[in-house]
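Visitor: Residue numbering for the sequence shown follows the working numbering, starting at 11 and increasing by one per position. Got a structure here, written out as structure tokens. Questions coming.
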Amino acid sequence: MNEKDTIAAISTPPGFGGIGIIRISGANAVGILKSIFVPFAKEVADNFQSHRLYYGKVVNPEIGEQVDEALAVIMRAPRTYTREDVAEINCHGGPAAVKKTLELAVRAGARLAEPGEFTRRAFLNGRIDLTQAEAVMDIISAQTELGRQAAVRQLSGGLRDKIDDIRAALAELLALTELSIDFPEEEVDYVPAEGLRERGIRIRESIKKLLSTFEEGRILREGLRLAIVGAPNVGKSSLLNALSGSERAIVTEIPGTTRDTVEETINIGGVPVRVIDTAGIRKSDCPVEKEGIRRSKAAMEEADIILHVLDGSREIQEKDPSFFSGEKKEAKKSRTLIVINKIDLPQKLSPEVFGVTFFQKGNEVRVSAKTGEGLDVLTSRIREMIFGPGREHMPEALINLRHKTALEEADAALARFLDGCGRNLSSEFLAIELREALEAVGEVVGRTTPEDVLNLIFSRFCIGK
Ligand SMILES: Nc1nc2c(ncn2[C@@H]2O[C@H](COP(=O)(O)OP(=O)(O)OP(=O)(O)O)[C@@H](O)[C@H]2O)c(=O)[nH]1
Ligand SMILES: [Mg+2]
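Printed below as a string of structure tokens:
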């Protein structure tokens, strides 16, 4: 991949649409645009101004044929997305028109852009740091309003600022440590070991604070899995339909209706939640149903949250095997919510039968999948399980797995530094640990990030971004 090439790509999604955008970036972008786009106003042709939109036609310069009618803009460096000269052509959004326009740009000297190459150039040219580049992709893939908000905060430098603060504090600590290497006996500006330690502890606290945002970041980016389980006919499929506002799953009065797991992604309090409706758990000899029940149990194991549904209109007649399955019952408790359904009917269910406590009174959520009653309480309880009770605001920065790995490395190096301080190790040794911490933190913003990691990050982007 040559960073000097002028690159071009279709930046709008494939398919049919009102407008399709071809983006060109690099030293030759303006020349290429001028050779394939002719403005209708004659006086403009040789006098394109930067950051102005012109109306004209895309032409094939070899045969003079008009390819499409379009709007085009040139943007002179450095006030552009990539900090290079950029040209964009807005033609009609049919696959043939955009493909042909891109083909003309390539014939005029552009190279097809790799996925994420425009953003990579913005990063390499210093317009944005690596956390901002990642935020671009997070915005594109955000599934909910909360996810978008978090991504935009990161794009405007929320995480970078925090990382820069940590880097500055580390650099200062390193300088102080090195000072005591060079002038071990000097009184001036000498910070005793205890002072170094205290600074180290404070930096470690900031790192820990950032690390604690990982789980929320993961949830916002990837979402959660929520399994709806319980005995047959209690209304699991009805609940999936009510939560998703669709007729996604088949509902009948026959117990054992759902055979396979059925999934639908919904937005609960800003978090994308993959809701999995499962086959009712009971003893069965039917091989199809048995396989369905096996899948129900697997879905339960993999879920972040389990809704265990009971039918409030019936006494439990026999031992409900959905309660007696699985050895890791205790581990499941904290992520299980008992949901009593069918509250529109006369209620007969008691919390305790056969000496088994099915639910703690006050802890259960009562709903009607039929009338929708109680669903708002259910979603807010689910939200509480995700964020903890009463949480309204998201932290300013939410780290991803790559940031987490780098910050953990920095944290480990700082731990060794602190340990070394405690044992009065030489400043040379302490400085080595601090340099390692500094390097690891620098990886987050892309200061010290190896080429192969960059390749991996940008390969996940869409073409044309
Ligand atoms: N009155 C009332 N009926 C409900 C409610 N929820 C579900 N039902 C009825 O209960 C029956 C079973 O509903 P489903 O949603 O198919 O139950 P399920 O738990 O998915 O059943 P399986 O797939 O067999 O395990 C259907 O006849 C529904 O119409 C409710 O809140 N109130
Ligand atoms: Mg069902």
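No residue lacks a Cβ here, since even glycine has one placed at the ideal position from N, Cα and C. Nothing here was measured: the structure is a model prediction, and the numbers come from that model.
Three Cβ pairs or more, each shorter than 8 angstroms: is that satisfied between the region 52–65 and the region 154–171?
Guide: The region 52–65, when compared against the region 154–171, does not touch it at the 8 angstroms Cβ threshold.
Visitor: Would you say the beta carbon of LYS246 is closer than 7 angstroms to some non-hydrogen atom of ligand 2?
Guide: Against the sequence shown, residue 246 aligns to sequence position 236. Yes, since a heavy atom of ligand 2 falls inside the 7 angstroms radius drawn around the Cβ of LYS246.
Visitor: My assumption, with CB atoms under 8 angstroms, is that ARG33 sits in contact with ALA19. Please give the rounded CB distance.
Guide: Looking up residue 33 in the sequence shown gives position 23. Looking up residue 19 in the sequence shown gives position 9. Yes, ARG33 and ALA19 are in contact; Cβ-Cβ is about 6 angstroms, under 8 angstroms.
Visitor: From what residue to what residue does the beta strand (DSSP E) around ASN70 run?
Guide: Here residue 70 refers to the residue found at position 60 when the sequence shown is read from its first residue. Taken as a continuous stretch (DSSP letters only), the beta strand (DSSP E) holding ASN70 covers 62–70.
Visitor: In this structure, does DSSP put LEU122 in helix, strand or coil?
Guide: The sequence position of residue 122 within the sequence shown is 112, counting from 1. It is a strand residue.
Visitor: How about ASN12: is its Cβ closer than 7 angstroms to a heavy atom in ligand 1?
Guide: Stepping through the sequence shown from its first residue, residue 12 is reached at position 2. No - ligand 1 has no heavy atom lying nearer than 7 angstroms to the Cβ of ASN12.
Visitor: Taking DSSP's pairing of strands, which residues face SER35 in a bridge?
Guide: Residue mapping note: residue 35 aligns to position 25 of the sequence shown, counting from 1. According to DSSP, which records beta bridges pairwise, SER35 is partnered with ILE17 and VAL96.
Visitor: My output table needs one value for THR154: the three-state DSSP class, helix, strand or coil.
Guide: Translated into the one-based positions of the sequence shown, residue 154 becomes position 144. The answer is coil: DSSP assigns THR154 none of H, G, I, E or B.
Visitor: Pull the bridge partners of ALA237 from the DSSP assignment, please.
Guide: To locate residue 237, count along the sequence shown from 1; it is residue 227. According to DSSP, which records beta bridges pairwise, ALA237 is partnered with ILE286 and ILE316.
Visitor: Could you tell me if the beta carbon of THR268 falls within a distance shorter than 7 angstroms of some heavy atom in ligand 2?
Guide: On the sequence shown, residue 268 is found 258 positions in, with the first residue counted as 1. Yes, the Cβ of THR268 comes within 7 angstroms of a heavy atom of ligand 2.
Visitor: For GLN159, tell me which candidate among PHE368, ALA145, LEU234 and VAL283 has the shortest Cα-Cα distance.
Guide: Here residue 159 refers to the residue found at position 149 of the sequence shown. Looking at the Cα atoms, ALA145 is the closest of the given residues.
Visitor: Please report how far the alpha carbon of LEU359 lies from the alpha carbon of VAL349, in whole angstroms.
Guide: Here the question's residue 359 lines up with position 349 in the sequence shown. Here the question's residue 349 lines up with position 339 in the sequence shown. Roughly 12 angstroms separates the two Cα atoms.
Visitor: Starting from the Cα of ALA241, find the closest Cα among ILE291, GLY365 and PHE133 and give me that residue.
Guide: Within the sequence shown, residue 241 is the residue found at index 231, counting from 1. Of ILE291, GLY365 and PHE133, the residue nearest in Cα terms is ILE291.
Visitor: Quick one: what's got a C-beta closer than 8 angstroms to ASP270's C-beta in the same chain, skipping five residues either side?
Guide: On the sequence shown, position 260 is the one that residue 270 refers to. Hits under 8 angstroms: ALA289, GLY302 and ARG305.
Visitor: Helix, strand or coil, according to DSSP, for PHE471 in the structure here?
Guide: Position 461 of the sequence shown, counting from 1, holds the residue named residue 471. PHE471: coil per DSSP, three-state reduction.
Visitor: Between the C-alpha atoms of LEU1 and GLN357, what's the straight-line distance to the nearest angstrom?
Guide: Limits of the chain in this structure are 11 at one end and 475 at the other, which puts residue 1 out of reach.
Visitor: Closest to THR415 by C-alpha separation, out of GLY27, SER222, LYS44 and THR111, would be which residue?
Guide: Here residue 415 refers to the residue found at position 405 when the sequence shown is read from its first residue. When each option's Cα is compared against that of THR415, the closest is SER222.
Visitor: Just to confirm before moving on: does the CB-CB distance between LYS172 and ALA407 stay below 8 angstroms?
Guide: If you number the sequence shown from 1, residue 172 lands on position 162. If you number the sequence shown from 1, residue 407 lands on position 397. Yes, the pair counts as a contact, with Cβ atoms nearer than the cut-off.
Visitor: State the Cα-Cα distance for the pair ASN135 and ALA161, rounded to the nearest angstrom.
Guide: Position 125 of the sequence shown, counting from 1, holds the residue named residue 135. Position 151 of the sequence shown, counting from 1, holds the residue named residue 161. Looking at the two C-alpha atoms, the distance is approximately 22 angstroms.
Visitor: What residues in its chain sit with their C-beta under 8 angstroms from that of ASN465, if we drop five residues either side in the sequence?
Guide: Residue 465 sits at position 455 when you count from the first residue of the sequence shown. None.
Visitor: Is the region 438–446 touching the region 178–190 in the sense that three or more CB pairs, one from each, lie closer than 8 angstroms?
Guide: A contact exists between the region 178–190 and the region 438–446.
Visitor: Could you check whether the region 444–454 touches the region 409–425, counting it as contact only if at least three pairs of C-beta atoms, one from each stretch, sit closer than 8 angstroms?
Guide: At 8 angstroms Cβ cutoff, the stretches touch.
Visitor: In three-state terms, what does DSSP make of GLN142?
Guide: Here residue 142 is taken as the residue at index 132 of the sequence shown, counted from 1. Helix, per DSSP.
Visitor: Roughly how many angstroms separate the alpha carbons of LEU180 and PHE468, rounded to a whole number?
Guide: Mapped onto the sequence shown, residue 180 falls at position 170. Mapped onto the sequence shown, residue 468 falls at position 458. Going from the Cα of LEU180 to the Cα of PHE468 covers about 28 angstroms.
Visitor: Buried or exposed, going by whether 16 or more other CB atoms sit within 10 Å of the CB of GLU337?
Guide: As a position in the sequence shown, residue 337 is number 327, starting the count at 1. Caution applies to GLU337, whose pLDDT of 47 falls short of 50 and renders its modelled position unreliable; the value that the coordinates give is listed next. By the 10 Å Cβ count, GLU337 comes out exposed.
Visitor: Closer than 7 angstroms to a non-hydrogen atom of ligand 2 - does that hold for the CB of ASP421?
Guide: Numbered from its first residue, the sequence shown carries residue 421 at position 411. It does not: the Cβ of ASP421 is nowhere closer than 7 angstroms to a heavy atom of ligand 2.
Visitor: Can you check which of these residues, ASP175, LEU206 and GLY168, is closest to LEU184 by C-alpha distance?
Guide: Residue numbering aside, residue 184 sits at position 174 when the sequence shown is read from its first letter. That would be LEU206, whose Cα lies nearest to the Cα of LEU184.
Visitor: Would you tell me roughly how many angstroms separate the C-alpha atoms of GLU299 and GLY452, rounded to the nearest one?
Guide: Taking the sequence shown and counting its residues from 1, one reaches residue 299 at position 289. Taking the sequence shown and counting its residues from 1, one reaches residue 452 at position 442. Cα-Cα distance, rounded: 54 angstroms.
Visitor: What do you reckon, are the CB atoms on GLY456 and ASP139 nearer than 8 angstroms?
Guide: Here residue 456 corresponds to residue number 446 of the sequence shown, with the count starting at 1. Here residue 139 corresponds to residue number 129 of the sequence shown, with the count starting at 1. Yes, these two residues count as a Cβ contact at 8 angstroms.
Visitor: How many angstroms separate the CA atom of ALA118 from the CA atom of GLY36?
Guide: One-based indexing of the sequence shown puts residue 118 at position 108. One-based indexing of the sequence shown puts residue 36 at position 26. When rounded, the distance between both Cα atoms is 13 angstroms.
Visitor: With ILE84 as the anchor, note down where its alpha helix (DSSP H) starts and where it stops.
Guide: For this step, residue 84 is matched to residue 74 along the sequence shown. Run containing ILE84: none in the alpha helix (DSSP H); it sits in the beta strand (DSSP E), 75–85.
Visitor: Taking 7 angstroms as the cut-off, is the C-beta of ALA259 nearer than that to any heavy atom in ligand 2?
Guide: Taking the sequence shown and counting its residues from 1, one reaches residue 259 at position 249. For ligand 2, at least one heavy atom lies less than 7 angstroms from the Cβ of ALA259.
Visitor: Could you tell me the alpha carbon to alpha carbon distance between VAL198 and ALA178, rounded to whole angstroms?
Guide: Counting from one through the sequence shown, the residue named residue 198 turns up at place 188. Counting from one through the sequence shown, the residue named residue 178 turns up at place 168. In this prediction, VAL198 scores a pLDDT of 47, lower than 50, which makes its location untrustworthy; the coordinate-derived value is nonetheless stated afterwards. Taking the straight line joining both Cα atoms gives about 22 angstroms.
Visitor: Would you kindly report the start and end of the unbroken beta strand (DSSP E) that includes PHE369?
Guide: Position 359 of the sequence shown, counted from the start, is the residue given in the question as residue 369. Careful: PHE369 lies outside any beta strand (DSSP E) and carries neither H nor E.
Visitor: Name the residue from LEU250, GLY474 and ALA308 whose alpha carbon lies nearest to the alpha carbon of ARG284.
Guide: Position 274 of the sequence shown, counting from 1, holds the residue named residue 284. It is LEU250.
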